[in-house]
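Protein chains in written order, with the working numbering: chain F, 25 to 307; chain W, 25 to 307; chain H, 25 to 307; chain E, 25 to 307.
Think of the CB as a built atom: it goes at the ideal place given N, C-alpha and C, for glycine as much as any other residue.
In what follows, a single structure is set out as structure tokens and then discussed.
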């Protein structure tokens, strides 16, 4: 506790670091870690993540935010946010029938590896209820058919609106409408079961096998209205061979998917991901 | 020496292994290694690579081949080839201006890592002559422009025809015509500077950066008339981050390219790659 | 079903493959996959794994085994075993307090990734009972103290003797006595929480951090009476940095441990591991 | 050009970042990248690397250093150094007979991948002269036998003293005496052909094979008087199997060795490595 994290994005220019660190110092904060990145040495965008220790952060946060807004952010045209590391992000996990990503997230959260407070799991099937409830988490079954999609999305919105800071699609096989994404107003993280941008679309493992690829991969990304095109947070691959038939590829893929999604969620939950210009910077 | 390698492809069915191993045994060969693969348990294709030790192989090879053709291959409708491990494959390397794949192949060949006898290097530029000639290998400068392409390909054909068992494109930035490929009549191995099938085409590293991918890759494949679509032999990736600008991605890419190409060439030279149904099986 | 696997180890010499494949062929079996390995071209040991399809295997197995013993194995001084792929291995999992390896094995078994029939979980603590029982698997609490070790091992033996084909130590923090290992008479697989042979002993992550290593690893091996020295089945590593303190290293280690153990168990369950001369050959 | 790099190590405490960035800002520098690390939140050591852009750095450097020493470093008890990125480090490479690490370093330097100015290569054999001289680099043959070691080290010292900023042991099979190390007074980087701390000593690949390990590795480290125990800069591994005999392991090892050494040298040359408490922090 008493650890804060500051994320900053602004046009690059001289004196930004000095201004940020000076203000934090003046308020009694001690900087423990700071990562910065400029998209270009001339006229680029400056991105920064600062982790600091400030006794009494919870009480002093509003005051610090006001000072930062007035005395630093305004001068440098900053987009910024300040996070209290003691408050885990409230999360909902959406899932269909496959359990590997869901169980890995729940287990890691229980372990303390993810700074999450998982409030609910929502699925368009009832299959995984018995796996979720022992974790003490509510399980909501919201079936979706083409006909009922608007009503189902309305139900989703009621469950999630104002209740969560992030939504995680852990092999949720429904496409969220642009309207729903907009009304949710929080980041939505998806795991795509292939190495984007290769094998966009359905049945990537069958595509990969037909092409004879020697690696299969997975991609975690923020969801945007354009399918499979949101900013990539993390990717990884595993080696396969001709001996791996499609079920074997799918099994290998499950390992990569759960690992990649867990890493992406961990980074998001630790305020390490800044979206910029259609891609991400992980600091 | 006295080590032979037999590659077999045929419709699957009972008794193939017994027939092959029985004939080799009857001729005094001792099987040291055997790898087999069936594309499906029912009605598939059977692929096999056998490494055997046969004293006096060089003298007895023609006899063995005749016997194999008559008594085994015909019964099982086999496509097959028999290789003497003591005879390295005669190779030509084609290159443009980038030296990393070329030099790595020459270093590895000199060190004995690749079962190659590199007879010549051909380039459409003269830049790399001074790097190649110290290896005692002929360097041929065959410029190509859109106008002179037919004559240049004719010159390539004169240099290569009957002289080589394999052609390696080590960052050769010209497209070989289907006509030339056919008249060469030997396998052509290419290194593609991206993780196929993603980023087909030019400037894959700029594409990758724009997309924010977290891994860059390379693909070694046999060349077919259809660009970037030949059977994949090997692929690999390396991790990158937002800190890597396009030149940095290219530098990382060079490492992957030379490693992937060297592995593919090593496997081809060791008769480990069987092409089947548009993909490869590496045994 | 109707898929058999034959594991063979014998002194190398001519005609082994022909004899094995000939006998299988004569009994109507079709060889789907065969992997062989000779430890040396002269006077070495020959190791072989054959996967075959034989209609009615369950009924014909005893007959086939008898024929193989008499007509092939005796001539070549073989150590061999024949397995019916339709019969998953009966397994016990021993665990102490850490759940990551245990849960991963249970999830994978339920999903059909491991050819196991997990009959029971035994622990020297009662902590994980609530995680295990929802899988429908018996949980036995067998406490062990230095004073009660003989009685506790006797209790273990009663639970396991004749009931299992393999015992898996999934972070079981007790050392099995040589006497118990011998009386169990089945393979015991352990996951060691470091990259053997480095960091033998306790607190490997603290050791690794003090030494500033850039990778942490895990090792799955068969248990022998000599601690940490049994034949290695599988190993892997993950990248770490100075930013990872000991708890972070342990978290990274958990991922490697469960993955390495699951791979080793999968290979063992699929009859792919042959122990030879203090090490393993994975075919 | 005009890019500087500042490395700082000091007892942790409030206001360090503000002081450093404030001074740089006051001198007209723009911070492009900054990485910090505290060994502990309470009473730890603070490490920092700052990359900044300062027009006219070469002319203004002495002035900046004086100001930094007086107004920042003294207050915080800092160990620090300031580097001009436009001045590559002067390097000597020491090698015995194996060429893979040497050639890779020379080729990468020529490519512009390493911020090095390689002034000379020294070897206890004359074998690699013909590979080095085409790069336009002096090759010195300094034979060493047990009897001539003091004289040979004296000759080494004459060649290197005051001429280089770093010495790279690229598979140099002689042990440098503690006396020589001290008199050289510059960092010495070594590539150790195994995954330290496993397989300390000679013939690590034969040791690895006997133990049946599934990965082989290499370690780049700073040389200290205690053999194989200096601070680790980088490590990596590659997967191997029972099919890899000792020569094959050595070939795989060469790839890892050259890659790991090149990475360690690149980081050192880019002022990214800070030694602290017997280990390294790579920022």
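- CA-CA distance, residue 204 of chain H to residue 274 of chain F, rounds to 39 Å.
- Interface with chain W (7 Å Cβ-Cβ cutoff): residue 294 of chain E is excluded.
- Here residue 98 of chain F is exposed: its Cβ has fewer than 16 other Cβ atoms, across all protein chains shown, within 10 Å.
- Sequence-distant partners of residue 230 of chain E (beyond 5 residues in either direction) whose C-beta falls short of 8 Å from its own C-beta, in its chain, are 270.
- In the structure shown, the three-state DSSP call for residue 253 of chain F is coil.
- Scanning F:87, F:100, F:136 and F:152 for the CA closest to the CA of residue 118 of chain F turns up F:152.
- Here the alpha carbons of residue 277 of chain F and residue 267 of chain F stand approximately 15 Å from one another.
- In this structure residue 259 of chain E is buried. Its beta-carbon is surrounded by 16 or more other beta-carbon atoms within 10 angstroms.
- Within the region 122-137 of chain E, the residues whose Cβ lies closer than 8 Å to some Cβ of chain W are 123, 124, 127, 131, 135 and 137, listed in chain order.
- Following the DSSP letters along the chain, one finds residue 290 of chain H in no beta strand (DSSP E) but inside the alpha helix (DSSP H) bounded by residues 270-293.
- Residue 74 of chain H is bridged by DSSP to H:30 and H:58.
- The CB of residue 158 of chain H comes closer than 9 Å to the CB of 154, 155 and 158 in chain F, given here in chain order.
- Residues of chain W with a Cβ closer than 9 Å to the Cβ of residue 94 of chain F do not exist, since the nearest Cβ in that chain sits about 30 Å away.
- Note on geometry: alpha-carbon atoms of residue 236 of chain F and residue 50 of chain H lie some 35 Å from one another.
- Partner residues in the beta bridge of residue 241 of chain W, as assigned by DSSP, are W:261.
- Under the three-pair Cβ rule at 8 Å, the region 243-262 of chain F counts as touching the region 297-307 of chain F.
- DSSP places residue 105 of chain W within a strand segment (E or B) once states are collapsed to three.
- At least one C-beta of chain H is nearer than 7 Å to the C-beta of residue 275 of chain F.
- Relative to residue 126 of chain W, the option among W:185, W:38, W:154 and W:110 whose CA is nearest is W:154.
- Within chain E, 238 have C-beta atoms less than 8 Å from the C-beta of residue 258 of chain H, given in sequence order.
- For residue 133 of chain H, the closest C-alpha among the options H:179, H:306, H:285 and H:46 is that of H:285.
- In the three-state reduction of the DSSP assignment, residue 80 of chain E falls in the coil class.
- Scanning its chain for C-beta atoms nearer than 6 Å, with the 5 sequence neighbours on each side dropped, one finds around residue 293 of chain E the residues 113, 138, 139 and 140, in chain order.
- For residue 115 of chain F, the three-state secondary structure derived from DSSP is strand.
- Put simply, the CB of residue 261 of chain H is near chain E, with a gap under 7 Å to one of its CB atoms.
- Out of E:95, E:25, E:144 and E:28, the CA that lies nearest to the CA of residue 44 of chain E is found in E:95.
- Under the DSSP assignment, residue 126 of chain H falls in the alpha helix (DSSP H) whose first and last residues are 124-135.
- In the structure shown, residue 185 of chain H falls within a coil segment according to DSSP collapsed to helix, strand and coil.
- Separation of residue 89 of chain W and residue 261 of chain F (C-alpha to C-alpha, rounded to the nearest whole angstrom) is 42 Å.
- Spatial neighbours of residue 188 of chain E in its own chain (CB-CB distance under 7 Å, excluding positions within 5 residues in sequence) are listed in chain order as 114, 115, 116, 143 and 210.
- If you check the CB distance, residue 199 of chain E and residue 244 of chain E do not come in under 7 Å.
- Spanning the alpha carbons of residue 196 of chain F and residue 241 of chain F requires a straight line of approximately 18 Å.
- Contact of residue 255 of chain E with chain H is assigned, a C-beta pair being separated by under 7 Å.
- By the beta-carbon neighbour count (other beta carbons within 10 angstroms, threshold 16), residue 25 of chain E is exposed.
- Closest in C-alpha terms to residue 68 of chain H, from the list H:279, H:165 and H:36, comes H:36.
- Around the beta-carbon of residue 60 of chain F, 16 or more other beta-carbon atoms lie within 10 Å, marking it buried.
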